[in-house]
Every structure is written in C-alpha cells, then in structure tokens.
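Numbering (our numbering), first residue to last: 12 to 103. Even glycine gets a Cβ: it sits at the ideal position worked out from N, Cα and C. What follows is a short report on a single structure.
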C-alpha cells in the first residue's frame, strides 16, 4: 500500500513538473505528456481499488458462488460444418 502511494505521489509530482515546463516553454507536447502521466496515476489507483476488493473477497476463504444449473457437455451441440448447424436449426 505504501509503495503504491509513493508511486502515485511520484507520478503526480512528475505530472506537475511537466505541466510547469509546458507552461514555461509553451510546448504542447509536454502538456499532453503531463496529462498522460496524470491519467496513469489515476489508473494505478483504479486498478488498486479493483484488486483490493477482489483480494479481500478471495481471502475470506469462501468458495466462489456457482450457478444453480450445471452445464452438461452432452447438452451442447457440436457441428462439423456450418451446413449441419443450419439444418438442425431450421428443423422443428
């Protein structure tokens, strides 16, 4: 957690530094780079929040809920080619 916080802080500081350089040099590419770095900092936070919820759920030791109906392999139709699939779907 602390490493990610330091990473996000470093990305935000880098973004501000790029933004300041873009303003001083009147360079549009530095402005875009600053925006991309800020978006990446937000992405790190977003992925951490997703993974935190997932890891918290999985660490509770509960089994993953399954559906009520089981899919049996014999219930699934397999066809060799498209004409067999079309013929079986058109028949009642």
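Pairwise C-alpha distance: residue j and residue i
{"i": "residue 50", "j": "residue 56", "result": "10 angstroms"}
{"i": "residue 38", "j": "residue 27", "result": "14 angstroms"}
{"i": "residue 66", "j": "residue 59", "result": "10 angstroms"}
{"i": "residue 34", "j": "residue 15", "result": "29 angstroms"}
{"i": "residue 25", "j": "residue 62", "result": "25 angstroms"}
{"i": "residue 19", "j": "residue 71", "result": "28 angstroms"}
{"i": "residue 47", "j": "residue 54", "result": "10 angstroms"}
{"i": "residue 23", "j": "residue 64", "result": "24 angstroms"}
{"i": "residue 17", "j": "residue 52", "result": "11 angstroms"}
Proximity of residue i and residue j at Cβ, strictly below 8 angstroms
{"i": "residue 45", "j": "residue 69", "result": "no"}
{"i": "residue 32", "j": "residue 41", "result": "yes"}
Environment of residue i [buried if 16+ CB atoms lie within 10 Å]
{"i": "residue 21", "result": "exposed"}
{"i": "residue 13", "result": "exposed"}
Interface flag, residue i vs chain D, CB-CB below 8 angstroms
{"i": "residue 34", "result": "You won't find chain D in this structure, because it holds only one protein chain."}
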